[in-house]
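Letter 37 of the sequence shown, counting from 1, is numbered 36 in numbering that gives the first Met the number 0, and no numbers are missing.
A virtual CB, placed ideally from N, CA and C, is assigned to each residue, including glycine.
These notes concern the structure reproduced below.
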Amino acid sequence: MFRRFLLSLALGATLALGTGAALAQDAFIVVQSTTSTQNSGLFDHILPMFEEETGIEVRVVAVGTGQAIKNAANGDGDVL
């Protein structure tokens, strides 16, 4: 149940940010994130499940918080 919740949350966030059209064209999405989230192991846990269920590869760009926000504002990611 928790697994489905995480997958639903991740997919919902992706679609809410307007990447639905991009998903139909691309085989991957870019997630702008912080190094803290990357280092926590969260992505290692949830991304394989998301990728398996959706067939969408996730590429994580892990940087400092300010840089992640700047990258997203510049359109350098699909999800922040």
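Excluding sequence positions up to five away, which residues of its chain have a Cβ less than 6 Å from the Cβ of ASN70? Numbered from 1 along the sequence shown, position 71 holds the residue referred to as residue 70. Once the five neighbours on either side are set aside, the close Cβ partners of ASN70 are GLN31, GLY76.
What's the gap between the Cα of VAL59 and the Cα of ASP43? Position 60 of the sequence shown, counted from the first residue, corresponds to residue 59. Position 44 of the sequence shown, counted from the first residue, corresponds to residue 43. The alpha-carbon atoms of VAL59 and ASP43 are separated by roughly 11 Å.
ALA67 vs GLN37 beta-carbon contact at 8 Å: Reading the sequence shown from its first residue, position 68 is the one you call residue 67. Reading the sequence shown from its first residue, position 38 is the one you call residue 37. Against a cut-off of 8 Å, the Cβ pair of GLN37 and ALA67 comes out as no contact.
Taking only the alpha-carbon atoms, compute the straight-line gap between SER35 and GLY63 and give it to the nearest angstrom. As a position in the sequence shown, residue 35 is number 36, starting the count at 1. As a position in the sequence shown, residue 63 is number 64, starting the count at 1. Roughly 8 Å between the two C-alpha positions.
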